[in-house]
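Numbering (my numbering), first residue to last: 3 to 137.
Report on the following structure.
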Ligand code: FES
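Following this line, the structure appears as structure tokens:
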């Protein structure tokens, strides 16, 4: 298992339909809440990204680390506190899991159905992956 910290990427430019009311993008507001919530960034690196190309599923985040699975989540409502509070549990489970592999039931409920993608690390060998040889 790699010892590198997980990286939590948050799309700063995602919209949540409340832009006029708050004069800021939903992703930006969500990112601020996350940064305030984690306080110390010892256990995770938090970074903002200007568009993660999941715009139709905004707000979007991803969780990744060297030699570990990468997860992308969308349809996040930055106004719902559960998305913040359960994010800590998600990061904690990811950090503890072998290779960062999380089954659906290993993730907090609101990070189960709104998953967009799960991508294995490069050169990963597992029965969920089939390598095809060149002919
Ligand atoms: S604006 Fe957030 S994914 Fe494109």
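Think of the CB as a built atom: it goes at the ideal place given N, C-alpha and C, for glycine as much as any other residue.
In this text, all values refer to a predicted model and were calculated from it rather than measured experimentally.
Where residue i falls: helix, strand or coil (DSSP)
| i | result |
| --- | --- |
| residue 95 | helix |
| residue 89 | helix |
| residue 13 | strand |
Close Cβ partners of residue i (< 8 Å) along its chain, the five nearest in sequence each way excluded
| i | result |
| --- | --- |
| residue 90 | 39 and 40 |
| residue 33 | 12, 14, 48 and 50 |
Residue j beta carbon less than 7 Å from that of residue i
| i | j | result |
| --- | --- | --- |
| residue 112 | residue 84 | yes |
| residue 70 | residue 123 | yes |
| residue 88 | residue 16 | no |
Same chain only: Cβ atoms within 7 Å of residue i, ignoring 5 sequence neighbours per side
| i | result |
| --- | --- |
| residue 46 | 7, 8, 10, 40 and 93 |
| residue 31 | 24 and 80 |
| residue 102 | 67, 70, 71 and 96 |
| residue 86 | 35, 36 and 39 |
Self-check item: Chain-ordered residues, beta carbon under 6 Å from a heavy atom of ligand 1
Solution: 13, 15, 16, 29, 53, 54, 55, 56, 57, 60 and 62
Quiz prompt | Cβ pair count under 8 Å reaching 3, the segment 52-64 against the segment 103-110 | solution = no
Self-check item: Sufficient close CB pairs (3 or more, under 8 Å) joining the segment 116-134 to the segment 91-98
Solution: no
Quiz item: On the three-pair Cβ rule with 8 Å, is the segment 20-28 touching the segment 62-69?
Solution: no
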